[in-house]
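**Student:**
Numbering (the UniProt record's numbering), first residue to last: 1 to 366.
#1: Taking a contact to mean a Cβ-Cβ separation below 9 Å, would you say residue 62 touches residue 260 in this structure?
#2: Alpha carbon to alpha carbon, what distance is there between residue 287 and residue 34?
#3: Tell me the start and end of each unbroken beta strand (DSSP E) in the stretch 94-146 that is at least 3 residues and wholly inside, in chain order.
#4: At a cut of 8 Å, does the stretch 99-107 reach the stretch 81-90 through at least three beta carbon pairs?
#5: State the CB to CB distance for the pair residue 135 and residue 69, rounded to an integer number of angstroms; the pair is presumed to be in contact (CB under 8 Å).
#6: Considering only the beta carbon of each residue, do residue 39 and residue 277 sit closer than 9 Å?
#7: Let me know the secondary structure DSSP gives residue 87 once reduced to three states.
#8: Compute the minimum distance between the beta carbon of residue 21 and the heavy atoms of the ligand SAH, and state whether it is under 8 Å.
#9: Could you name the residues that DSSP lists as bridge partners for residue 153?
#10: Which one of 166, 187 and 57 has the shortest CA to CA distance from residue 129?
#11: Does residue 436 come out as helix, strand or coil in the three-state DSSP assignment?
#12: Relative to the C-alpha of residue 241, which residue among 7, 132 and 156 is closest?
#13: Does the contact criterion of 3 or more C-beta pairs under 8 Å hold for the stretch 237-253 versus the stretch 8-24?
#14: So, at 8 Å on beta carbons, what are the nonlocal neighbours of residue 262 in its own chain, with the 5 sequence-adjacent residues on each side left out?
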């Protein structure tokens with residue numbers, strides 16, 4: 001490689017090669033994991049639940065964000081460099097907005113007891129179109145160009161106005177809201193048992209645990225995003241304070257920035273609701289059956305309400321309990337078919353208890 005092609009370290013082009021190689025490798029892994037994550041969401045029909053559709057949109061945004069890192073070394077005054085800078089700003093803002101939307105969803109459900117499913121189209125339109133605005137603003141000041149290991153905003157003032165200041169304020173607001181959400185979840189789960197009789201105490205406890213298992217992993221997405229962008233932020237500060245670029249900081253930035261797709265996949269899979277369901281045998285069975293097992297659960301979830309007010313935490317608790325029963329289904333369909341339907345087993349149990357005390361079972365409830 002000629003020295004002139006390495007704008008960051010013109011006298012040491014091997015450093016540019018190292019940075020670009022690491023950036024591309026991490027981006028490739030992230031793209032692969034994003035595709036795998038979308039495949040799992042489709043195969044197991046997680047998208048039937050609104051919260052997983054939000055994660056799906058976040059994954060698509062992350063996929064867009066990682067693709068741009070596959071480009072090579074930035075070339076000054078090239079159309080490719082300008083496009084890379086624009087797309088990187090757009091996709092980064094896209095990821096941020098979907099993290100914000102997940103936070104809004106959690107806040108409205110846990111604090112305000114409002115379900116926002118019916119406003120999904122607003123999320124989609126805003127999440128994928130609004131980032132065009134901040135991504136287009138730097139064109140007014142011709143601020144896009146080679147900015148280290150990739151093309152981005154070269155002017156410090158534009159960087160602060162378009163990215164660092166608003167994003168940091170948003171992340172601080174998100175962390176504050178999450179403290180409120182965690183507090184409210186703990187309060188709600190401790191009071192649910194008082195809303196039911198003793199016979200339903202175990203079911204409510206299970207729903208509360210499952211609710212926490214599904215919501216808590218969502219709280220990690222903004223924290224991971226902040227952590228992965230910390231090193232690039234430090235690198236930008238170093239660039240503004242010193243004319244000498246730091247190879248170590250650029251190297252660490254090339255490691256952390258494209259890694260978001262891989263980390264998001266890990267966050268998705270460590271969710272107990274996902275890990276219990278996505279097994280090797282389950283994947284093979286879904287591929288054979290086309291994922292038809294999930295339909296009954298989806299119907300129960302859709303029966304919760306119309307997506308307006310009045311649902312909130314209790315609707316999610318109900319659907320979560322249904323989802324937990326679905327997660328524990330046997331992998332072998334034949335063994336399931338040998339068992340009588342749930343309604344018949346409940347009716348038989350009611351008859352046995354009634355006969356023991358000389359009463360007629362109230363089978364009409366089933």
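C-beta: ideal position from N, C-alpha, C; glycine also.
Being a predicted model, the structure only gives us computed values, none of them experimental.
**Tutor:** This is what the structure gives:
#1: Taking 9 Å as the cut-off, the beta carbon of residue 62 is found closer than this to the beta carbon of residue 260.
#2: Between the alpha carbons of residue 34 and residue 287 lies a distance of about 19 Å.
#3: 144-146
#4: Contact fails: fewer than three Cβ-Cβ distances are below 8 Å.
#5: Actually they are not in contact, since the Cβ atoms of residue 135 and residue 69 sit about 16 Å apart, beyond 8 Å.
#6: no
#7: helix
#8: Although the ligand SAH was asked about, the structure shown includes no ligands whatsoever.
#9: Checking the DSSP bridge columns, you'll see residue 153 partnered with 144.
#10: 57
#11: The structure shown does not extend to residue 436, since the chain is modelled only from 1 through 366, so no value can be given for it.
#12: 156
#13: yes
#14: 26, 29, 30 and 33
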